[in-house]
Every structure is written in structure tokens, then in C-alpha cells.
């Protein structure tokens, strides 16, 4: 039995959802590299959806990949539930599926990347959000690629 092949082209949108801003990241069509795109300053749900919808249309997005801020003990805290609630509404509004990625420490990693570039994290909050979104999306792309390779090898036997 031959597994159903995934399409070669993938367009995923990574989101780092915060209470003040949403960092967005996209990937190249092959699904290898995630790149920060923009940071949206949150206003209202309607305005947030309109801005994200524009990017979804431009990039022909097929799936939303959202960072879920688990607590360090692995539980879902207040902020994670808040992100899930927003994401469920967003997914319905955009009519796109969602996958979650554990985003613990992505903002910290993004800040460290800025420090390595001799930039001040406190002056570049929007850039941190975009970089965090790119880290979230890259993690998802890497996991997807590994799982696809493992599944292909399994079915070759």
C-alpha cells in the first residue's frame, strides 16, 4: 500500500499571539525556511482578522501554525487558554485549519537573537514577535519534514 503523498507546495502562516501584538511569519513554498513577515498591533478582533486575511490571501495560506504558551510544567495556563480562544475564532473566520506548537522560550530565543545582533530588545518588541513567530513556524516545518521522511521510509519496506 502506497501512502498518499503530501503536495510539494506548502504555505503556512506562523503566529505568535500576544495581548498587544501578533507576530506573523511565512515560509518558502518548499516548507524549508520560515521568515518573519510583519507584526500587527492588536486593535479589535475584526481589524486583526482583516489584516491577517490580507496576508492569507497574498500568500495563499493553507494552515495556521500558532504558538501555544504552555507553562513550564507543561500545563495550559491562562494565557494559553486565551490564545486558544482567539485562534478558534480566527480559524473559523479565515476558514483555515490550525496546528499548535509549544512556544515556550521562543520570545526569549528571539530576544537573544537581537542581543547577538547588538539590538536592544526593549526597542524592538515588534521584531521580537516576528522572530518568535518564525521560530514557531520553523519548529513546525522541521517536525513536519522529519515525520514525512519517517513515514516515507516506513512505507518503502
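Residue numbers (the working numbering): -5 to 151. Cβ atoms here follow ideal geometry from the backbone N, Cα and C, with glycine treated the same way.
Point to revise | residue 41, buried or exposed, once every other Cβ within 10 Å from all chains shown has been counted against 16 | key: exposed
Review point. What did DSSP end up calling residue 120 once you bin it into helix, strand or coil?
Key: helix
Point to revise | Buried versus exposed, by CB contacts within 10 Å (16 or more), residue 131 | key: buried
Check your understanding: Leaving out the 5 sequence neighbours to the left and right, which residues in its chain are closer than 7 angstroms to residue 128 when beta-carbon positions are compared?
Key -> 8, 19, 28, 29 and 30
Check your understanding: Out of curiosity, what's the CA-to-CA distance linking residue 97 and residue 124?
Key -> 13 angstroms
Exercise for review: Compute the Euclidean distance between the alpha carbons of residue 95 and residue 43, then round it to the nearest angstrom.
Suggested key: 21 angstroms
**Study point:** Cβ neighbours of residue 121 in the same chain (closer than 7 angstroms, five flanking residues each side left out)
**Key:** 108
Check your understanding: Nearest-angstrom Cα distance between residue 119 and residue 3?
Key -> 32 angstroms
Practice item. Please work out which residues of its chain come closer than 8 angstroms, Cβ to Cβ, to residue 49, disregarding the five sequence neighbours upstream and downstream, and give them in chain order. Key: 7, 18, 20, 31, 32 and 55
Practice item. Could you tell me which residues DSSP pairs with residue 35 in its beta bridges? Key: 15
Review point. Just how far apart, CA to CA, sit residue 1 and residue 141?
Key: Its pLDDT being 49, under 50, residue 1 is placed unreliably in this model, and the value from its coordinates should be taken loosely. Using only the alpha carbons, I get a separation of about 14 angstroms.
Point to revise | Cα-Cα separation between residue 34 and residue 84, rounded to whole angstroms | key: 14 angstroms
Practice item. Could you pull out every residue in the same chain whose Cβ sits closer than 6 angstroms to the Cβ of residue -1, ignoring the five residues on either side in sequence? Key: Note that residue -1 scores 42 on pLDDT, short of 50, meaning its location in the model is unreliable and no value can be drawn from it.
Point to revise | Rounded C-alpha distance that separates residue 78 from residue 134 | key: 17 angstroms
Review point. In whole angstroms, what separates the C-alpha of residue 16 from that of residue 111?
Key: 22 angstroms
**Study point:** Own chain, CB closer than 7 angstroms to residue 73, minus 5 neighbours either side, in chain order
**Key:** 63
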